[in-house]
Amino acid sequence: MGRLSIEVVRAKLAGREIALELRRVSSVLTNDEAQGIELIDPSPWLGARSIHQGHVALVLPEVGPPVGVRLGEVRGFERWTKRELFPLPEWLGKHMPEILFEGCGWKEDVGAIWLLDVDRLIKAWLADRKRESEMLRRQAQQKHKQQSMPE
Amino acid sequence: MANETDDPTIPPRLDEVLSQVAEETSEFDWGEDGGEFAESELLTLLQFSRGNQRYAILGEEVREVLNRGLTTELPGAPPHITGIMIHRRQVIGLLDLDIWFGLDPHSLEEEPFERVVLVERETLLAGILAGPSTTIVHWSSDLLEGDVPESIPSKVKRYIRAVKDDDEGAVLLLDITRLLEDAAVG
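Protein chains in written order, with my numbering: chain A, 146 to 296; chain B, 881 to 1066.
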């Protein structure tokens, strides 16, 4: 059996242990360094509030400009072998947030480490933005209609 | 010539009596109580408690009983899926029956779960949170024929196959297939 392994950046975000594949990260920045970069905070998808602090991973999406992914408190960089990866049973995967892979890492001192799926995170974030701008456009249209109606 | 054994004045021969007895007693005599079991089946179940309620699961549906280990909450999961644990390199999803059934949550604060009952139905494997006491019990299969009492809340009743009363109250036999289909798969 081949000794396949992946490199991850591990972090604690909104009280949860998370990991991000290092091959998708071009650099890890501090909050100050990340000023001016489009930022995605995974916290709301993990059932927590946005934190607006901690480290940011600069990620290169498959298409489009680089985006920053809020990581929270970075724990370090690790290499995981297959033995440290645990796929979730299908029924549990259905209950998982869409931005996570249906599997996790596991450490005896912390428990599960959830694996961020950058592509799905960006997709979910773009869908959210689209919904938001559509809502704003409708509100503006409605306001315009009300203003142009004769009294 | 008349059969010698038909004549009441002639004592029966021992070998004849023995063979007659052997024929009549070729099966175990279970007596009156045992007669019921001879017709019905004796089921082996695992009985456990959670909060103030006692449950039972058919032995064939129980894979293992584990001690409480390290667990992690599953982000975004409904409250009755309390988290996951790892056992023999498998991720086990944990179900809390009291939350699923909407039963007294205060009793759970006083009694955190101590064990996990691993249940299996076809390809589905899940852990049910249990209190410290788990025992093996035997029920007559006749109990499966009885009706589930109306006093059991409808949300709970859907998942109950049978009820057995004893000195300490009712023990509910869980319908694991239905429970996993609804609570796990959803």
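For glycine and all other residues, C-beta sits at the position ideal for the given N, C-alpha and C.
Check each candidate in the options and name the one with the smallest Cα separation from residue i.
i         : options                                       : result
B/Ser920  : B/Ile1040, B/Leu1023, B/Asp1062 and B/Asp895  : B/Leu1023
B/Gly1011 : B/Glu1061, B/Glu940 and B/Val945              : B/Val945
B/Leu954  : A/Ala269, A/Glu162, A/Lys268 and A/His289     : A/Glu162
B/Val1043 : B/Pro1033, B/Arg1058, B/Asp1027 and B/Lys1035 : B/Asp1027
B/Arg1041 : B/Ser1034, B/Glu1030 and B/Leu1054            : B/Leu1054
A/Gln198  : A/Val204, A/Trp190 and A/Val214               : A/Val214
A/Glu178  : A/Pro189, A/Ile196, A/Ala202 and A/Leu281     : A/Ala202
A/Ala257  : B/Ile964, B/Ile1056, B/Leu1009 and B/Leu1059  : B/Ile964
B/Ser1013 : B/Phe928, B/Glu903, B/Ala902 and B/Thr889     : B/Phe928
A/Pro242  : A/Ser188, A/Val170, A/Met280 and A/Gln287     : A/Ser188
B/Thr1015 : B/Thr889, B/Leu926 and B/Ala902               : B/Leu926
B/Gly1049 : B/Tyr1039, B/Ile1032, B/Leu950 and B/Leu1060  : B/Ile1032
B/Ala1063 : B/Ser1020, B/Asp1047, B/Thr889 and B/Pro958   : B/Pro958
B/Ser1034 : B/Gly931, B/Leu898, B/Trp980 and B/Ser899     : B/Trp980
B/Asp978  : B/Ser1020, B/Gly931 and B/Thr951              : B/Gly931
A/Val154  : A/Met294, A/Leu281, A/Pro211 and A/Arg220     : A/Arg220
A/Arg228  : B/His960, B/Arg969, B/Ile961 and B/Thr962     : B/Arg969
B/Val1036 : B/Asp1046, B/Asp1047 and B/Asp976             : B/Asp976
A/Trp259  : B/Ile961, B/Asp887 and B/Gly956               : B/Gly956
A/Arg169  : A/Leu266, A/Glu277 and A/Val255               : A/Leu266
Which same chain residues, not among the five before or five after residue i, have their C-beta less than 6 Å away from its C-beta?
i         : result
A/Lys239  : none
B/Gly1007 : Ile972, Leu974, Val996 and Leu998
B/Gly915  : Confidence is the limiting factor: at B/Gly915 the pLDDT is only 49, short of 50, which leaves the residue's position unreliable and the question unanswerable from this model.
A/Met146  : Per-residue confidence for A/Met146 stands at a pLDDT of 47, beneath the threshold of 50, marking its modelled position as unreliable; the derived number appears in the next sentence. No residues qualify anywhere along the chain.
How about residue i and residue j: do their beta carbons lie closer than 8 Å?
i         : j         : result
A/Ala156  : A/Glu218  : yes
A/Glu152  : A/Leu174  : no
B/Ile966  : A/Trp251  : yes
B/Asp923  : B/His1018 : According to the sequence displayed, residue 923 of chain B carries Leu and not Asp. Taking 8 Å as the Cβ cut-off, B/Leu923 and B/His1018 qualify as a contacting pair.
A/Pro232  : A/Gly209  : no
A/Trp190  : B/Val1065 : no
A/Leu261  : A/Ile244  : yes
B/Leu1052 : B/Tyr935  : yes
A/Leu205  : A/Ser171  : yes
B/Leu983  : B/Gln933  : yes
A/Asp264  : A/Glu207  : yes
For residue i, return the contacting residues in chain A, with the cut-off set at a CB-CB distance below 9 Å.
i         : result
B/Leu1004 : Pro234, Glu235 and Trp236
B/Gly973  : Leu233, Pro234, Trp236, Leu237 and His240
Chain A partners of residue i, CB-CB under 7 Å?
i         : result
B/Gly1065 : Position check: residue 1065 of chain B holds Val in this sequence, whereas Gly was assumed. Here the neighbours are Trp236.
Only counting the same chain, and skipping five residues up and downstream in sequence, which positions put a Cβ closer than 8 Å to that of residue i?
i         : result
A/Ala285  : none
A/Glu253  : none
B/Ile1056 : Ile937, Leu938, Glu941, Val999 and Arg1001
B/Ala882  : Caution is warranted here: a pLDDT of 45 is assigned to B/Ala882, below 50, making its placement in the model unreliable, and the coordinate value is therefore given only provisionally. Counting only Cβ-Cβ distances below 8 Å, and skipping sequence neighbours, we find nothing.
B/Glu994  : Asn947, Arg948, Ala1010, Gly1011 and Pro1012
A/Ile196  : Leu158, Ala159, Asp186, Ser188, Arg215 and Gly217
A/His289  : none
B/Ser1021 : Ser920, Glu921, Leu922 and Leu923
Give the interface partners of residue i over in chain B, defined as CB-CB distance under 7 Å, in chain order.
i        : result
A/Lys157 : Residues of chain B passing the Cβ test: none, with the nearest at roughly 13 Å.
A/Trp259 : Pro955
A/Trp251 : Ile966
Sorry if obvious, but does the Cβ on residue i come closer than 7 Å to a heavy atom of the ligand SAH?
i        : result
A/Ala179 : For the ligand SAH, the structure offers nothing, since it holds no ligand at all.
Determine the chain B residues that contact residue i at a beta-carbon separation under 8 Å, and present them in chain order.
i        : result
A/Gly192 : Pro955 and Gly956
What residues of chain A sit near residue i, judged by a beta carbon separation below 8 Å?
i        : result
B/Thr951 : Gly256
B/Ile961 : Leu237 and His240
Cutting at 7 Å between CB atoms, please list the residues of its own chain near residue i, excluding the five before and the five after it.
i         : result
A/Trp270  : Ile185
B/Tyr1039 : Leu1054, Asp1055, Arg1058 and Leu1059
B/His960  : Leu975, Asp976, Ile979, Trp980 and Ala1063
B/Pro1029 : Val1043
A/Phe246  : Leu260 and Asp262
Please list the partners that residue i has in chain B, where partner means a Cβ-to-Cβ separation under 9 Å.
i        : result
A/Arg161 : Thr952, Glu953 and Pro955
Entirely within the segment 1029–1063 of chain B and at least 3 residues each: give me those beta strand (DSSP E) ranges in chain order. Scanning the segment 1029–1063 of chain B for uninterrupted beta strand (DSSP E) segments of 3 residues or longer gives 1040–1046 and 1049–1054, listed from N- to C-terminal end.
Can you list the beta strand (DSSP E) stretches of 3 or more residues lying completely in the segment 201–271 of chain A, in chain order? As for any beta strand (DSSP E) of minimum length 3 sitting wholly inside the segment 201–271 of chain A, the runs are 212–226, 230–232, 245–252 and 256–261, ordered along the chain.
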